[in-house]
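Undergrad: Next up is a structure, given as structure tokens.
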Amino acid sequence: VLLGSGLTVLSQPLMYVKVLVQVGYEPLPPTLGRNVFGRQVYQLPGLFAYAKHIVKVDGRAGLFKGLTPRLCSSAIGTVVHSKVLQWCLLRGCSPPDVSFQPGSSKKEPVSSLEQVLKETSREMVARSAATLITHPFHVITLRCMVQFIGRETKYSGTLSAFATIYREEGILGFFAGLIPRLLGDILSLWLCNMLAYLINTYALENGVRAFSGGRGPALGWWGLKVPFLPPQVSTMTEMKSYSQAVTGFFASMLTYPFVLVSNLMAVNNCGLAGGLLPYAPTYSSWLDCWSQLHREGNMSRGNSLFFRKVPAGKRYVWD
């Protein structure tokens, strides 16, 4: 919990800028710069320019708006995730099978499709429960951040924010944007784990098996000669951890539109300037939000905070 809280504090300015970009708020006009290929293009302000503007307006403390409900969400989510995972194991789901690997004193998990399906299902239940319980704090966090646009103070405290949402929107207001967030989390989890399983089973294990002879270059599954394995990835465990990280990044990229739609629905038509025109119309549902973003070509808005080229035909609002 303490480690998670520390990471939450450190990442707060990044999330703050990201949320404002997702809403479509551009406080600074585009500037002429160069892309990664050296060509001159008009670019929107990046992370550091955006953060510098926030500091200029609200001071350094302004970068940490919405931190309190986000810390609550992180701490409660960690506890709920752990408890639900334990409950799933006690309900009869067997723990991961382990076996000894040749030449190793440590036990390593045996890869099997059935095991991956069981572990992913347990993780899906635990993550979904944590998301469901902590989503009200997530909504408050986003609204505290979006207040920067209209300089409102409507959501000035966590407890008062709960009272405001309940008074104006009822119970459902605490779960605005929940469905796309849940769908995105579940899809990302299954994509990550299944891709990692395929890579570990049909690429890494077969490749290492081909090299196990140790008599010079050998042909791997991709048909290339590789004379030796780098020391830093000499064990199967390390290589699998790398593949898990790569597939996790790939899955998060594919499911990013769900994150964007969820955040926009959490602040849409809530009485804040950032949830109304000209930043966003009043969406009838998250599917309506998805459809409009898709038509405008804004499905990846906020996905990158560097080299933000101004695309033709897309709608942005700046002061």
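Going by full-length UniProt numbering, the sequence shown opens with residue 1, and the numbers climb by one from there.
Note that the Cβ used here is the ideal one computed from N, Cα and C, for glycine as well.
Rounded to the nearest angstrom, what separates Leu14 and Ser304 at their Cα positions?
TA: Answer to the nearest angstrom: the Cα atoms are 11 Å apart.
Undergrad: Taking 9 Å as the threshold (C-beta atoms), are Ala176 and Met168 in contact?
TA: Position check: residue 168 holds Glu in this sequence, whereas Met was assumed. Not in contact: Glu168 and Ala176 (Cβ atoms no closer than 9 Å).
Undergrad: I need the straight-line Cα distance from Tyr202 to Ala196, nearest angstrom please.
TA: In a straight line, the C-alpha of Tyr202 is about 10 Å away from that of Ala196.
Undergrad: Can you give me the C-alpha to C-alpha distance between Phe249 and Gly150, rounded to a whole angstrom?
TA: Those two C-alpha atoms are separated by around 34 Å.
Undergrad: Among Leu3, Val310 and Cys72, which has the Cα closest to the Cα of His135?
TA: Checking every option, the nearest Cα to that of His135 belongs to Cys72.
Undergrad: I want to know whether the stretch 75-85 touches the stretch 58-67 - three or more CB-CB distances under 8 Å.
TA: No, the stretch 75-85 is not in contact with the stretch 58-67.
Undergrad: Residues in its own chain within less than 8 Å of Trp190 by CB, not counting five upstream and five downstream?
TA: Thr120 and Met124.
Undergrad: With DSSP run on the structure shown, which of helix, strand or coil describes Trp222?
TA: Any reading at Trp222 needs caution, since the residue's pLDDT is 40, under 50, leaving its predicted position unreliable; the model's value is listed next. Correct three-state label for Trp222: coil.
Undergrad: On the CB-based measure, 16 or more other CB atoms within 10 Å of its CB, does Pro281 come out buried or exposed?
TA: The residue is exposed, with fewer than 16 neighbouring Cβ atoms inside 10 Å.
Undergrad: Expressed to the nearest angstrom, what Euclidean distance is found between the alpha-carbon atoms of Leu277 and Gly173?
TA: Cα-Cα distance, rounded: 20 Å.
Undergrad: What residues in its chain sit with their C-beta under 6 Å from that of Met299, if we drop five residues either side in the sequence?
TA: Excluding sequence neighbours, Met299 sits near Pro257 and Leu293.
Undergrad: Got a sec, what are the start and stop residues for the alpha helix (DSSP H) Val116 sits in?
TA: Element bounds for Val116: Leu113 to Gly150.
Undergrad: Give a yes or no on whether the C-beta atoms belonging to Asn263 and Gln40 are separated by under 9 Å.
TA: No.
Undergrad: From Asp137 to Ala266, what distance separates their C-alpha atoms?
TA: In the sequence under discussion, the amino acid at residue 137 is Phe, which differs from the Asp named in the question. Looking at the two C-alpha atoms, the distance is approximately 11 Å.
Undergrad: If distances are taken between C-alpha atoms only, which option among Tyr279, Ser188, Trp87 and Leu183 comes closest to Ala245?
TA: Considering only alpha carbons, the answer is Ser188.
Undergrad: Any idea what DSSP makes of Lys309, helix, strand or coil?
TA: Lys309: strand per DSSP, three-state reduction.
Undergrad: Taking the straight line between their C-alpha atoms, what separation do you get for Leu85 and Leu178?
TA: Between Leu85 and Leu178, the C-alpha separation is close to 21 Å.
Undergrad: Below 6 Å CB to CB, which residues in the same chain sit around Arg181 once its five sequence neighbours on both sides are set aside?
TA: Only Ser262 meet the Cβ criterion.
Undergrad: Indicate whether Gln147 and Leu63 have their beta-carbon atoms separated by less than 9 Å.
TA: Against a cut-off of 9 Å, the Cβ pair of Leu63 and Gln147 comes out as no contact.
Undergrad: Based on the DSSP output, what are the partners of residue 337 in its beta bridges?
TA: Residue 337 falls outside the range modelled here, since the chain spans only 1 to 319, and no answer is possible.
Undergrad: Tell me which residue opens and which closes the beta strand (DSSP E) that Thr31 is part of.
TA: Its beta strand (DSSP E) spans residues Thr31 to Arg34.
Undergrad: Is the stretch 3-12 in contact with the stretch 24-39, if contact means three or more CB pairs nearer than 8 Å?
TA: Taking 8 Å as the limit for Cβ pairs, the verdict is that the stretch 24-39 does not touch the stretch 3-12.
Undergrad: Judging by CA-CA distance, which residue of Leu254, Leu20 and Ser82 is the nearest neighbour of Gly66?
TA: Taking only the C-alpha atoms, the option nearest Gly66 is Leu20.
Undergrad: So which of Trp87, Met253, Phe307 and Cys144 has the shortest CA-CA distance to Arg122?
TA: Taking only the C-alpha atoms, the option nearest Arg122 is Trp87.
Undergrad: Per DSSP, Tyr283 forms a beta bridge with which residues?
TA: Per DSSP, none; premise fails for Tyr283.
Undergrad: Helix or strand or just coil, what does DSSP make of Leu3?
TA: Here Leu3 sits in helix by DSSP.
Undergrad: How is the alpha helix (DSSP H) around Tyr155 delimited, first residue to last?
TA: Taken as a continuous stretch (DSSP letters only), Tyr155 belongs to no alpha helix (DSSP H), as it is neither H nor E.
Undergrad: What does a CB cutoff of less than 6 Å around Trp290 pick up in its chain, not counting 5 residues either side in sequence?
TA: For Trp290, where only same-chain residues beyond five positions count, the Cβ hits under 6 Å are Val261.
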